[in-house]
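Each residue of the sequence shown is one higher than the one before, starting from 17 at the first, in this note's numbering.
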Amino acid sequence: TYINGNEASTVMFPSLTKDDVHDELDVMMESFRQHPPRMAGYWSLLPAKPDNAGLYLLARGWQTGWHPCWMALDTQNKSFDHSFPEGYRITEDNQTIVSNVGDLPYAEDSAYISSALLRKYPEESRRIIAWYNEEVIGHCCLFFSEGKNRVAGLYNMGVVPEQRGKDIGKALLTVAAEVARQNGFRYVTLNANHMGRPLYEKVGFELIGYGITWWLMNKNYIKQTSQEVQLAEAVGTGDIKTLERLASASSSELLGKPMSNGMRWIEFAIYFNQQHLADWLVDNGALLTAYDAWILGWKEKASALLQYDPQEINRRYFDWGGTLLHIAADKNDHALLIFALQYNPDLSIKDYHHNGTPLDWAMFFKREEMISSLKKAIDGAL
17 TYINGNEAST VMFPSLTKDD VHDELDVMME SFRQHPPRMA GYWSLLPAKP
67 DNAGLYLLAR GWQTGWHPCW MALDTQNKSF DHSFPEGYRI TEDNQTIVSN
117 VGDLPYAEDS AYISSALLRK YPEESRRIIA WYNEEVIGHC CLFFSEGKNR
167 VAGLYNMGVV PEQRGKDIGK ALLTVAAEVA RQNGFRYVTL NANHMGRPLY
217 EKVGFELIGY GITWWLMNKN YIKQTSQEVQ LAEAVGTGDI KTLERLASAS
267 SSELLGKPMS NGMRWIEFAI YFNQQHLADW LVDNGALLTA YDAWILGWKE
317 KASALLQYDP QEINRRYFDW GGTLLHIAAD KNDHALLIFA LQYNPDLSIK
367 DYHHNGTPLD WAMFFKREEM ISSLKKAIDG AL
């Protein structure tokens, strides 16, 4: 692993086995406790090798991350459409500051490619900017590798919300590909999310492969007890005998609080398909939420929880802060949405990552039934 003082640490595609992953991660975590990074990322190909790495990481305070989707475009012998609607233009520009453009994704200088890097290394990096009536509306950045394979990486791809759906993203990508080719780089690679992938495929990017990540985003691991780690490993493997051995007043106190990674214990058990431990966890002090009960098929318990505490319906889940209604839209679970609407939820709550209401999420995913149900609920609340 690489630790840069108090900045970020990165663990890139480690060569670990099922036999040594436990001890090697303990050594790494002790190093982090001695020299705490601001944050850390752990990257692996998918499926992860070894396949139990995720359990041991989450047990030690790491959080689940996204699944990288690596794509590549071969620019050789490829023609690109450079036509833009009237009033729009695209330029190469390493000098314009975009961090003051509201709602522009990856505009901040803490993004993958910063303004300082662009200005200091203009031969190795380029920013491509989309303009409308002299206002910045989108951008992406290229970083040129020094290897013999001549690969350019594409980063910071984003368009302001009000200009999406107008092929601005496609135009940015085609210009970026042309810039890469003109500078002698045959291939352009990127890491796509599920929203961007259809756009990249439209331009000609093809899938290379998938990965998986975990992130150490807080300092809870510094004071984490060995008992919590042992409990987490036992829950993740479904080891009821070890749980019984560890059961005590102190373990019940631990189970009543979130884990060091922020997950709830029952959420953790469900994540690792150990639903059979739910009763034991509840009996030993673990918090049961309405969503946990719903996932476990305990609909009567979910209803009882929502009736007992009127604020339970507005509980936020996961690091992105979605409510039951957000989750229903995300997972296309109309039954959950109808169930949750019975308990007077706050329909105006927005998630942390996308700043969207449940209706916004339903509209994004084009869940027509959910859109109708949510609009009726909103009209009824007015």
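In this text, a Cβ means the ideal position worked out from N, Cα and C, and glycines have one as well. Only a predicted model underlies this, so the values are computations on that prediction, with no experimental measurement involved.
Hey, would you say residue i sits closer than 8 Å to residue j, going by beta carbons?
i    : j    : result
L89  : V219 : yes
A344 : M379 : no
L321 : A302 : no
L297 : A285 : yes
I106 : L188 : yes
W230 : W377 : no
L390 : L363 : yes
C156 : L134 : no
Q243 : L259 : no
L304 : I282 : yes
T26  : G57  : yes
D109 : T190 : no
I228 : S60  : yes
T112 : I145 : yes
L41  : L73  : yes
W336 : Y287 : no
M28  : F221 : no
S131 : L158 : no
Q92  : R180 : no
Y137 : Y104 : no
Y216 : L232 : no
N209 : W82  : yes
P326 : L341 : no
I329 : Y359 : yes
L271 : N289 : no
N68  : V37  : yes
Does residue i come out as helix, strand or coil in the three-state DSSP assignment?
i    : result
Q179 : helix
H292 : helix
M45  : helix
L398 : With a pLDDT of only 47 at L398, under the threshold of 50, the placement of this residue in the model should not be trusted; the figure read from the coordinates follows. Note: L398 maps to coil in three-state DSSP.
G227 : strand
L321 : helix
E151 : strand
L304 : coil
L390 : helix
I365 : coil
V298 : helix
S267 : helix
T112 : coil
K273 : coil
A123 : coil
D346 : helix
Y128 : coil
W310 : helix
R383 : coil
Which stretch, first to last residue, makes up the beta strand (DSSP E) that contains residue i?
i    : result
Y104 : 104–108
M28  : 24–28
S141 : 141–148
May I ask you to list the residues that DSSP assigns as paired with residue i?
i    : result
Q358 : Partner(s): none; Q358 has no beta bridge.
Y333 : G338
L232 : A56
Give the range of the alpha helix (DSSP H) segment to which residue i is assigned.
i    : result
E328 : It is not in any alpha helix (DSSP H) - E328 carries neither H nor E in the DSSP assignment.
K136 : 131–136
K94  : Careful: K94 lies outside any alpha helix (DSSP H) and carries neither H nor E.
L247 : 242–253
Y287 : 281–287
A378 : 374–380
L259 : 256–262
Got a sec: is the Cβ-Cβ distance from residue i to anything in chain D below 8 Å?
i    : result
A132 : Absent from the structure: chain D. Only one protein chain is present.
Quick check on the DSSP output: what are the complete beta strand (DSSP E) runs of length 3 or more inside the stretch 153–224, in order along the chain? Whole beta strand (DSSP E) segments, 3+ residues: 167–175, 203–208.
**Runs of alpha helix (DSSP H) lying entirely within the stretch 32–90, each at least 4 residues, in chain order** = Along the length of the stretch 32–90, whole alpha helix (DSSP H) runs at least 4 residues long occupy 37–50, 69–75, reported in chain order.
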